[in-house]
Structure formats: C-alpha cells, structure tokens
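Shown next, in structure tokens, is the structure this report addresses.
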Amino acid sequence: GQVHRHGVWYYFPVLLALKWTVGTLALLGLALWVYTRGRIRKPREIFFLVLPAVCYFAIAVAGPLNLGVRHILPLFPFVFALAGAAIAWLVRCRRGWAWVMGILLLAHAVESLHAFPNYLPFGNLLWGGSSNTYRYFTDSAVDWGQQLVRVKEWTDRRNVKECAFAYYAAPFLLPSDYGIPCRLLPTPDTSWEMQIDVPPVVHGPILISLGDLNGWENGTRERNPYRTFLDRKPDEMIANGVAVYYGDFAIPAAASMAHRSRAYASLGGDRRLALAEAETAVALVPDGFDENRALADARAAVGDKAGARAALEIAAAAAARMEPSARDFWQLQIDKKLAGVTP
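Numbering-wise, this note's numbering comes out as the position in the sequence shown, counting from 1, plus 72.
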C-alpha cells in the first residue's frame with residue numbers, strides 16, 4: 073500500500089518471488105536443497121555460474137533502480153543452468169524424481185499459458201495471480217501502456233461510446249490513436265505537454281491505467297490524483313492493466329492539475345492570474361499538498377508572505393501524511409520555502 077520514492081534493497085528478491093511461476097520456484101527450491109547438501113562435486117563449474125549471478129544480483133539489489141524484472145534478466149541463464157544440473161543429478165540418483173520434475177514443469181507451463189497473452193503484469197498464484205500484481209508493484213512490472221488493443225476490443229464489445237481514460241503512456245501514445253472513444257484524464261506525464269480540464273463530475277465508465285492508479289510517479293500516495301480509487305475494487309479489469317469503474321465521480325485532485333499548471337506557467341508573467349489559478353486549485357482540494365504549494369508560490373510572487381506561510385503550513389501537514397521517504401524529501405523543501413517567507 074506504500075509508494076517508495078527511491079529503490080529498496082528487497083525489491084528484486086520479492087519481485088522474483090512473484091514473477092517466477094510456482095513450478096519454477098519449486099524447482100529452484102529443490103535445486104538449492106541439492107547444492108546446500110553438497111551433493112554435486114563440480115566446484116569449478118558451479119563457481120563459473122554462481123559468481124556472475126551473485127555479482128550481478130548484488131549490484132541490482134544495491135542500486136536505486138526498481139524498474140521491473142527486465143533489469144535482472146541476465147541473471148536467468150545462470151540460475152536455470154544451475155537448477156538444470158541439480159535436477160539432472162536428482163533424476164540420476166532416483167528415477168522417481170523424474171515424475172516430480174515433470175509435474176513441476178507442467179505446472180509452470182500451465183500457469184504461463186493461463187497468463188497468455190498478458191505476460192507483462194504476470195504474477196504467480198501465490199500472490200493472487202496477475203490481477204493482483206499491481207497491489208505490490210508498478211511501472212514495467214505491471215503497466216507499460218501495452219493495453220490499447222484490448223481496451224479497443226472492450227469498448228467495441230460493450231458498445232461504449234463515451235468514457236474517460238487516465239492512460240499511462242499519454243501523451244506520447246493516445247487512446248484516440250486506436251479509435252478508443254474516451255476523453256483523456258490528466259496524469260503526471262500529460263502535464264508536461266497539455267493542460268486537461270476536468271469537469272466537476274466525470275461520467276463513467278472511467279478507465280485508469282494501473283501505473284497511474286498506483287501513482288508511483290508522484291513518489292507518494294498523498295500526491296496521487298486518483299488515490300480515492302485505490303480504496304475501491306475495480307468493477308472490471310482490462311488485460312490486468314487497466315481498471316474500470318462504473319458510475320459518475322468527482323475527481324477534484326485531477327481537476328486541480330490544470331489549474332496548478334496554469335498557475336506555474338503564469339508566475340513569470342501575469343502573477344495575478346497565477347494567484348487566481350492557484351486559489352481555484354486549493355478550492356478544489358483545500359488540504360492538498362501540491363495545491364497549497366502552488367498557492368504559496370503564487371502568494372509569495374505577489375508579496376503576500378503571510379498568506380504564503382499559511383499555505384505552506386497546510387502543505388507541511390499534507391507532507392506529514394506521506395510515506396517516510398517522500399515525507400523526508402518534501403518536508404525539507406517546505407522548510408526551505410518557509411524560511412523564505414518567515415519574518
């Protein structure tokens with residue numbers, strides 16, 4: 073349920089426990105049992121495979137990049153070669169092990185085929201399957217904007233003519249490119265290219281890419297404009313990568329994004345316009361972190377230090393609600409701003 077602003081050492085070990093099938097994990101467990109008992113006396117060959125695997129994995133665990141299993145794919149050949157040697161030794165020792173290995177390999181194949189064709193968000197059955205991967209991981213472990221063909225099929229099948237879509241790969245790739253009849257909702261990435269105005273009530277169905285639903289690009293759940301949807305079970309899931317919610321929804325945190333963007337764009341010119349836009353954003357989300365930070369900057373720009381300080385104090389209260397890594401970062405930024413508007 074937490075978003076980590078930076079990488080954590082246990083990311084890749086936990087990710088492998090989810091991304092490898094149950095059959096694969098069982099085979100690797102048996103292989104580890106064989107090696108720990110010292111049954112295979114091939115020290116040079118084992119060293120040749122273990123050393124690069126351990127070195128690469130250690131570098132990955134120590135690094136700050138927690139961006140999906142693709143970053144440790146070089147590990148796989150070494151691990152599977154070691155596992156193959158252990159399995160071969162077991163089968164040579166007792167033919168009955170061949171049945172066990174066959175069952176585990178069959179389990180691997182069945183679980184893999186069951187995930188077809190949506191392999192990117194795969195999660196094994198021990199973690200609740202692919203539909204629950206987004207509860208633990210994000211970005212390329214779940215969602216890389218790969219679902220538009222399936223979304224188009226979904227809208228056609230259900231004869232959906234109107235919808236709203238917070239799409240992870242926008243604005244670089246748009247749902248309209250695939251003929252999907254959804255209006256675009258703002259995301260952290262669209263904010264760089266366009267300002268999307270959100271009405272007071274958004275008429276569903278609302279589609280949200282799981283990368284945006286998790287809000288990982290914001291570094292904390294507190295800054296996620298779609299965080300209210302996290303506490304609601306999706307009505308449907310498309311390709312285990314897009315959550316669907318039926319109904320009409322007010323999404324004030326998403327609506328405030330365009331106003332905040334216009335406020336910052338106007339700071340260097342029309343400061344009164346910047347202040348008006350920031351005030352509109354705060355009216356939508358009175359206790360919002362980004363909204364009050366924008367208001368503080370706008371008030372400071374027009375010389376209202378007392379007003380800026382009041383907005384920063386509300387932002388500081390929002391920062392205190394963040395996960396520890398984000399809280400430490402943003403509290404430092406807020407303290408610097410407070411120092412600039414304190415008599």
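Cβ atoms here follow ideal geometry from the backbone N, Cα and C, with glycine treated the same way.
Can residue i and residue j be called in contact, C-beta distance under 7 Å?
{"i": "M329", "j": "P243", "result": "no"}
{"i": "W226", "j": "I310", "result": "yes"}
{"i": "R250", "j": "L220", "result": "Here residue 250 is Tyr; the residue named in the question, Arg, does not match the sequence. In this structure, L220 lies closer than 7 Å to Y250 by Cβ."}
{"i": "T205", "j": "P193", "result": "yes"}
{"i": "I112", "j": "W161", "result": "yes"}
{"i": "E183", "j": "T292", "result": "no"}
{"i": "L367", "j": "V354", "result": "yes"}
{"i": "L176", "j": "L97", "result": "no"}
{"i": "E395", "j": "V86", "result": "no"}
{"i": "A49", "j": "L356", "result": "Given that the chain is displayed from residue 73 to residue 415, the structure contains no residue 49 and the question cannot be resolved."}
{"i": "A115", "j": "F150", "result": "A quick correction: the sequence has Pro, not Ala, at residue 115. Not a contact, by the Cβ cut-off of 7 Å."}
{"i": "C254", "j": "A236", "result": "yes"}
{"i": "G283", "j": "T352", "result": "no"}
{"i": "A370", "j": "A350", "result": "yes"}
{"i": "K91", "j": "V133", "result": "no"}
{"i": "R77", "j": "S333", "result": "no"}
{"i": "L147", "j": "L121", "result": "no"}
{"i": "G95", "j": "H180", "result": "yes"}
{"i": "D320", "j": "V273", "result": "yes"}
{"i": "V270", "j": "I252", "result": "no"}
{"i": "G313", "j": "D215", "result": "yes"}
{"i": "P260", "j": "E234", "result": "no"}
{"i": "L347", "j": "V374", "result": "yes"}
Kindly identify the DSSP beta-bridge partner or partners of residue i.
{"i": "I278", "result": "A236 and Y317"}
{"i": "M266", "result": "Answer is none; M266 lacks a bridge partner."}
{"i": "I416", "result": "Nothing can be reported for residue 416, as the shown portion of the chain is limited to 73 through 415."}
Around the Cβ of residue i, are there at least 16 other Cβ atoms within 10 angstroms (buried) or fewer (exposed)?
{"i": "A315", "result": "buried"}
{"i": "G217", "result": "buried"}
{"i": "N231", "result": "exposed"}
{"i": "K408", "result": "exposed"}
{"i": "G174", "result": "exposed"}
{"i": "L277", "result": "Note that residue 277 is Pro in the sequence shown, not Leu. With 16 or more Cβ atoms within 10 Å of its Cβ, P277 is classed as buried."}
{"i": "I131", "result": "exposed"}
{"i": "R229", "result": "exposed"}
{"i": "L285", "result": "buried"}
{"i": "H275", "result": "exposed"}
{"i": "E294", "result": "buried"}
{"i": "A390", "result": "buried"}
{"i": "Y83", "result": "buried"}
{"i": "F119", "result": "exposed"}
{"i": "E385", "result": "exposed"}
{"i": "G195", "result": "buried"}
{"i": "T262", "result": "buried"}
{"i": "V126", "result": "exposed"}
{"i": "W402", "result": "buried"}
{"i": "R365", "result": "buried"}
{"i": "P72", "result": "The chain is shown only over 73 to 415; residue 72 falls outside these bounds and no answer can be derived."}
{"i": "E265", "result": "exposed"}
{"i": "E117", "result": "exposed"}
Measure how close the beta-carbons of residue i and residue j come, nearest whole angstrom, since I'm counting them as under 8 Å.
{"i": "A372", "j": "A380", "result": "4 Å"}
{"i": "A335", "j": "F361", "result": "14 Å between Cβ atoms; not a contact."}
{"i": "Y318", "j": "D307", "result": "5 Å"}
{"i": "A103", "j": "I159", "result": "7 Å"}
{"i": "L139", "j": "S212", "result": "6 Å"}
{"i": "G79", "j": "P136", "result": "4 Å"}
{"i": "W199", "j": "Y191", "result": "The pair is not a contact, with the Cβ atoms about 15 Å apart (cut-off 8 Å)."}
Is residue i near the ligand NAP, in the sense that its beta carbon is under 6 Å from a heavy atom of that ligand?
{"i": "W161", "result": "The model on display carries no ligand, and the ligand NAP is accordingly not part of it."}
Is there a C-beta anywhere in chain B that falls below 7 Å from the one on residue i?
{"i": "E308", "result": "This model lacks chain B altogether, as it is built from one protein chain only."}
**Report entry** Every unbroken beta strand (DSSP E) inside the region 179-262 [3 residues or more]
**Finding:** For the region 179-262, whole beta strand (DSSP E) runs of length 3 or above, ordered along the chain, are 235-238 and 254-256.
Report task. Pick out the complete alpha helix (DSSP H) segments inside the region 129-167, 4 residues or longer, and give them in chain order. Result -> Every unbroken stretch of the alpha helix (DSSP H) spanning 4 or more residues and falling wholly within the region 129-167 is given here in chain order: 147-165.
Requested in this report: Go through the region 377-403 residue by residue and report every complete run of the alpha helix (DSSP H) that reaches 4 residues or more, in order.
Outcome: Every alpha helix (DSSP H) stretch that sits fully inside the region 377-403 and reaches 4 residues is listed by chain position as 377-391.
Query - Ordered list of alpha helix (DSSP H) runs contained in the region 323-372, each at least 4 residues - result: Listed in chain order, the complete alpha helix (DSSP H) runs (minimum 4 residues) inside the region 323-372 are 324-338 and 343-356.
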